[in-house]
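Numbering (my numbering) for the sequence shown: 382 to 515.
These notes concern the structure reproduced below.
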Amino acid sequence: MIYFLSHNRFFLAAFRYMVRKESGIKSDLPGYKGLMEESQNFMINAEQNEQKDMVVYLMSLIFDPLKPIWELLLVRKGKEPYPWTPVIMSIFTPFFMDFLVGPSKPNLRPEDKKPGGMLVEKCRWLEEANCKGM
């Protein structure tokens with residue numbers, strides 16, 4: 382449990398650093414509360430297209446460094462995902478993205494009822510930050 386909490390703190394701190402750098406807004410509140418204050422202040426003052434651009438950019442910062450691993454193990458460049466890709470993603474998403482999206486869990490895919498789906502009730506960060514761009 383301590384490891385789980387410490388990895389969430391690391392991911393939260395890294396994401397918060399990226400939000401601060403992009404938005405130019407800094408809160409004195411600690412942890413997730415500070416991230417939310419920074420995000421809300423950005424979302425209030427930003428146009429819808431600016432919000433969308435920031436979210437897309439932040440997601441690219443998170444996932445682009447993983448592209449070589451992604452392409453080797455999950456999706457060949459320019460090809461369809463491997464059959465095991467959805468299952469792997471549904472296992473790792475709750476572990477790595479819990480700090481941001483909130484509770485999520487593996488589920489059956491709605492289109493074919495096979496393992497590999499993901500149930501995220503709502504993205505905690507986008508909802509609490511009042512994002513209009515996504």
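No residue lacks a Cβ here, since even glycine has one placed at the ideal position from N, Cα and C.
query                                                                                                  : result
Reduced DSSP secondary structure (H/G/I, E/B, other) of Phe385                                         : Model confidence at Phe385 stands at a pLDDT of 44, short of 50, so the residue's coordinates are unreliable and nothing is read from them.
Ordered list of beta strand (DSSP E) runs contained in the region 402 to 490, each at least 3 residues : 485 to 489
Beta-carbon gap between Met399 and Leu447 smaller than 8 Å                                             : no
Stretch pair the region 456 to 466 + the region 427 to 435: three plus CB contacts closer than 8 Å     : no
Cα-Cα separation between Glu502 and Leu453, rounded to whole angstroms                                 : 30 Å
N- and C-terminal bounds of the alpha helix (DSSP H) containing Glu509                                 : Arg505 to Glu509
Exposed unless 16 or more other CB atoms sit within 10 angstroms - verdict on Arg397                   : buried
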